[in-house]
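This report concerns only the one structure given below.
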Amino acid sequence: MTSMRIPIVLAAALFGLLSCSKPASETPSPLFQKLEPGQTGVSFANLNHEDQGQHILAYEYFYNGGGVAAGDINNDGYVDLYFSSNQGENKLYLNKGNFTFEDITEKAGVGAKSGWKTGVAMVDINADGYLDIYVCRSGPQHEMLRQNALYINNQNLTFTNKAKDFGLDDNSYSTQAAFLDYDRDGDLDMFLLNHSRLTISNSYDITQRYKTTRVPYVGNKLFRNDNQKFVDVSDAMGIYGPASNYGLGMAYGDLNADGWPDLYTSNDYTEKDNVLLNDRGRFFNEVSDSLLTHMSQFSMGVDMADVNNDGRLDLVTLDMLPDNNQRQKEFFWPDRYDVYAAMVKSGRHHQYMRNMLHLNNGDGTFSEIGQLAGISNTDWSWSALIADYDNDGWQDLFVSNGFKRNFTSNDFLRYKIDLALKAQKGQRDATLQDVLNKMPSSKEHNYMFHNTNGIQFEDVSDTWGFAPKNLTNGTAYADLDNDGDLDLVMNNLDETAGIYRNDAANKKQNHYLTVRLKGNDGNTAGLGGTVHISVGGQSMTRSLCPYRGFQSSMEPALFFGLGKEQKIDWLWVQWPGGESQIIKNVAADQVLVLKQTEAINKGGRLRNATPPWFGKVERALPFRHKENAFIDFKVQPLLPRMYSTEGPALTSADVNKDGLADVFIGGAKGQRSALFIQHRDGTFTEKAQAWKDDTSEKTDAVFFDMDKDGDQDLYVVSGGYEYDTLDVALADHLYRNDGKGNFSAVALPALISSGSCVRPADLDRDGDLDLFVGGRIIPGRYPEAPRSYILLNDGKGNFTEQTQAIAPELLRPGMVTDALWMQIDLDEWPDLIVVGEWMPVKVFLNKKGKLEDQSKGYIDKNTEGWWSCMVAEDLDGDGDKDLVVGNFGMNNQFKATPERPVTLFAADIDNNGSIDPLMSYFIGDKSYPMPTRDELTDQLPSFKKKFPDYASYTQATLQTMLTPEDLKKGHMLQAFTFQTTWFRNDGTGFKAYPLPVQLQFSPVMALSVFDVNGDDHADIVATGNISAARSRFGKATGNFGTVMLGDGKGKFRLADPLSLTTGLSVRGDARRMILVDDKTLVVGVNNDFPQVYKLHLGTQILLGTVDADSSQTDKH
């Protein structure tokens, strides 16, 4: 026996070694495994039948599909599944364990065969401890076929429809229902998301749009639970029902941390989304205009969760922007800024067609960072489900995708117009099937995004098992096999449902914690409860709202991925009624059941350990910058953004010699500037002056002593885009101070240029201050380089233009945005650094009064960017000055890198005397032109022949669009980086280091460097934003005042959590920022009042501090 066993053992060992030695080319199995119906027993398919009476042209939501509800209907410890079918029978599957399910629909009596079924929800509506099922109906049927159903669980695997008994047999066009205790009275109320079928909602001239008059069957509804009789309290609670309501997605949670559940509802078409803040159960206030700077346009699925582990609920909304050039070019309509502006003016907010991630800043602002996060482009998307699918401690994002027939394709819309014209002539030769076949399919793969750091996501769709293309609508997550990771269940159109087993428990071997809430009274599942945990120095928050994504209902539990941590330091639960409790030392890898009856503290919340560093002073400078109405795109339709919004100018100095710093603010075109004198109590009053610049757009200014008389004189730069090239309003202005703060105009050389900055220095070391004046743009000739100037001072304040003699390379260095003088080569002659749009960082060394471009010797290559501002300070403690340079940021479609540059070809292609700027950027692995076909042919009509339809334009590149002769006419500009960056001065040159990702949320237009927190290290304060952008790309407004704390050695970290720590909340487009007398920060905001903050030194907030009297016993 022994002799026989040895070879067997050796063979087995050898086989094991061979089987473990996989070829290097073998692809590992994905994280999620799709299970086939033969294995699971789930054969449900939402089959979509088209005929003469039912089709997409008769009902625009014909392809929106159905939903999924997940929950344990028989309390056996396994999650069961319920699917809705639009035209067929709904299905209920009982989980038998090991991913096998039994169809019990007929026995249960929940088939809901009649009507067009949409969203489904599970809820213990009668508080008997068993989950009931609510089914929504919509569609092109009669109202009698649209009555929603409420299937009450009989506790024996059968159900009875009692919707009418409860008052919930509503017959609106319903999308989804959500159950919540909005008034905190202990029972569950219901919010019903409905949608319109009226074409009025998608027109641009609605006058009744925001009326509170309810349109039958269309508006959303709120039902209050009065002893299991539901009463419609919609209008009284601020839930109105206008004709324009097109509700597709919803979620609820406590957005403003006041203890009351708030609502977010998404709207399709031109209707804006609604953010409904709950006023203590008395009313819902719609506050989307104040909370969100912009939103998705064709909003569909919604989720609300904490993606960056800061304890606040963030928002994700889905839209229809494809991730590839072909689909984008087929899909995009022409960029009509005037139409977009009209939508905004009519109250529809700023809407853009892409997915969005709104980070909650905790101070009533949200930073929308979907493009930077990498989740903005997923095509025609439905369910947004945020959860930690690999249990690494960061919540990931799943997106379901696909649309059966794209009736919004530009080529189909043209075909549809042709059909209508033929019909008017009596020609009807196209059948319904002919029309349907003309619509391209939008069958796409579902997306999975792995959260890498709380802000940025990696597309892992392929490696996690979601590469196949399909048509997936409603989706739910649940732990179907009780192994601690979340599986996915999908309702697919025209194919069987998708059951995806998550193998993270085996593959990742991360730890987890599942929390189930046992509530009091009528809310047995504790819906609306929130749990915070602290584990391994990281905080996490989960809020219990099962109704999220699209038309679906999740397993009603809270799921935490813990990574490699095996113990939770503390857990704090906030119950929906206001009670709270704390538990310490909780073991991982368990299902923890918490009972509301054990809660002993009323209230309790995370609190700040210190007050904020900045305190806002309201209207300290009573001057509102008033931008004139001008649309740059009417001059040059292909501009990347508008350039007529560069003001206000802002500068500070003691102009009357009283020892206090005063402030100058430059007005917009047609607006007089203002000088504010500071008083001993820190207040300011305006001092009248005889300014000569009313017609000019004031873009920059500086106080300096031009005539060596000991007081501060003033230079004001004129700029903007809303002028003719040689308009005298583009001339700068110089003012002499009489020593008492009274200014009079003095002559300057006749310099006509739209400028950006003025910087004084004693260039020639003759004892007076000379000037560099940067040229920003030539109106109507973008991107041609404007004139910049060197002005030499004779010591008496008389200036002569000497650029050619002093620095010929500065005649037209590019579109300059900022400059500064500093000692670089330590020879006591001031050197000049210049930055600009499409420019590298340029260094001009002063060779005894002559400036020479020595950039190559001092600056890394590939620094071309859209630079906007710059400051110099010693950031690493080595005694020399480093640079911080603001850039466009990475929250955009372009994302310039050296490997994927953004380019701009500029030429007069059609020989009509105007410049045609053609920008290109990478979409996928190739660079494609920015303009849509319509935008291109509007600018260059000759291209209509080359691209007769939209499909022919989808593969066009700059090289295939233009002839060799065309390419020779112009010049190419490139941008290799859009990251705001600090440049370390090592004594021999400058080395670039991108600043942390939070400084890349939007364009940084203004910078200041000083010690914010009192640790004697230089910190960075950055503001910015650009609102006047192309309507297709939208506002870049994610920065509300960002503070990066320096360690004195060149490393920076975000002051976290951002707004609560710093106290900065700078709304709008900041253009300038100055620190007045070391304690007052003034931010100049375009088209608004300046924002003034007083600095109060303090220490950083401590995260995770709990304001509660006691904690409960340990849970192991």
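Residue 143 is where the sequence shown starts when you use the numbering used here, and the numbers rise one by one after that. Cβ atoms here follow ideal geometry from the backbone N, Cα and C, with glycine treated the same way. Since the structure is predicted, the reported quantities are computational estimates derived from the model, not experimental observations.
Residues sharing a beta bridge with residue i, DSSP
i     : result
A291  : V277
Y1063 : Y1070
C1011 : G1028
I246  : Its beta-bridge partners do not exist; DSSP assigns none.
C687  : Paired residue(s): none; C687 is not in a bridge.
M981  : G1007
A843  : V858
D1259 : Given a span of 143 to 1258 for the chain in the structure shown, any question on residue 1259 remains unanswerable.
F1125 : L1025 and A1134
T942  : L934
N451  : In the DSSP output, where bridge partners are listed per residue, N451 has none listed.
N409  : G389
R658  : V735
K829  : L817
Option in the options with minimal Cα separation from residue i
i     : options                      : result
F1036 : D415, Y276, D465 and G703    : D465
A618  : K984, D908 and V541          : V541
D1058 : T1096, H1113 and K709        : H1113
D796  : F826, Q1233, W714 and A250   : F826
P972  : K992, S1069 and M957         : K992
L236  : G230, Q229 and E244          : E244
L700  : Y589, Y531 and Q854          : Y531
L330  : V458, I675 and G719          : G719
K1177 : H767, L1196, G1031 and Y1063 : G1031
N1155 : F756, V631, L199 and L322    : F756
D193  : G239, A832 and Y201          : Y201
D461  : T1045, V1139, Y324 and G443  : G443
F885  : K829, Y689 and I919          : K829
G209  : Q965, L613, D1067 and G1210  : L613
S488  : S523, D431, G516 and Y863    : D431
G897  : K580, L630 and A791          : A791
G824  : G809, R761 and S815          : R761
N519  : K304, Q537 and M590          : M590
F545  : G1180, A572, N588 and I724   : N588
G383  : A393, F365, W524 and S338    : S338
Presumed contact (8 Å Cβ cut-off) between residue i and residue j, rounded CB distance
i     : j     : result
A99   : T787  : In the structure as shown, the chain begins at 143 and stops at 1258. Residue 99 is therefore absent and cannot be evaluated.
G1028 : A1164 : 7 Å
G916  : S930  : 5 Å
Y411  : F440  : 7 Å
D327  : T354  : Not a contact, Cβ separation roughly 25 Å.
D1230 : H767  : 6 Å
L527  : D445  : 6 Å
N427  : Y324  : Rounded, the Cβ-Cβ distance is 13 Å, inconsistent with contact.
I1065 : Q229  : Contact doesn't hold; Cβ gap of about 37 Å is too wide.
Item checked: Entirely enclosed beta strand (DSSP E) segments - the region 575-656, minimum 3 residues -> 589-593, 599-601, 614-620, 629-634 and 640-644
Margin query: Ignoring anything shorter than 3 residues, give me the beta strand (DSSP E) runs that lie fully in the region 490-540, in order along the chain.
Written below: 498-502, 508-510 and 523-529
Margin query: Any contact between the region 1045-1057 and the region 1092-1099? By contact I mean 3 or more CB pairs, one from each, below 8 Å.
Written below: no
Note to self: With three or more C-beta pairs closer than 8 Å as the rule, is the region 383-392 touching the region 314-324?
What the structure shows: yes
Notebook entry, point to check: Of all the beta strand (DSSP E) runs that stay within the bounds of the region 161-200, which reach a length of 3 or more residues?
Noted result: 174-177
Notebook entry, point to check: Does the count of Cβ pairs from the region 435-449 and the region 493-503 closer than 8 Å reach three?
Noted result: yes
Checklist line | Contact between the region 954-964 and the region 974-983 (3+ Cβ pairs under 8 Å) | finding: yes
Margin query: Under 8 Å, with one C-beta from each stretch per pair, do the region 725-733 and the region 697-711 reach the 3-pair mark?
Written below: yes
Notebook entry, point to check: Taking one C-beta from the region 181-188 and one from the region 588-605 each time, how about it: are there three or more such pairs within less than 8 Å?
Noted result: no
Notebook entry, point to check: Could you give the uninterrupted runs of the beta strand (DSSP E) lying entirely in the region 864-922, keeping only those of 3 residues or more?
Noted result: 875-879, 885-888, 896-903 and 912-919
Check: Residue ranges of each beta strand (DSSP E) run of no fewer than 3 residues wholly in the region 1169-1248, ordered along the chain?
Finding: 1184-1188, 1194-1196, 1212-1218, 1222-1227 and 1233-1237
Margin query: Across the region 508-518 and the region 1123-1134, are there enough close Cβ pairs to call them in contact, namely three or more that are closer than 8 Å?
Written below: no
Notebook entry, point to check: Taking only runs of the beta strand (DSSP E) that begin and end inside the region 753-803, which ones reach a length of at least 3 residues, in chain order?
Noted result: 756-759 and 792-795
Check: Touching or not, the region 283-293 and the region 246-261, by the rule of three or more beta carbon pairs under 8 Å?
Finding: yes
Checklist line | Residue ranges of each alpha helix (DSSP H) within the region 696-751, 4 or longer | finding: none
Check: Counting Cβ pairs closer than 8 Å, one from the region 633-651 and one from the region 673-684, do we hit at least three?
Finding: no
Item checked: Sufficient close CB pairs (3 or more, under 8 Å) joining the region 293-304 to the region 649-656 -> no
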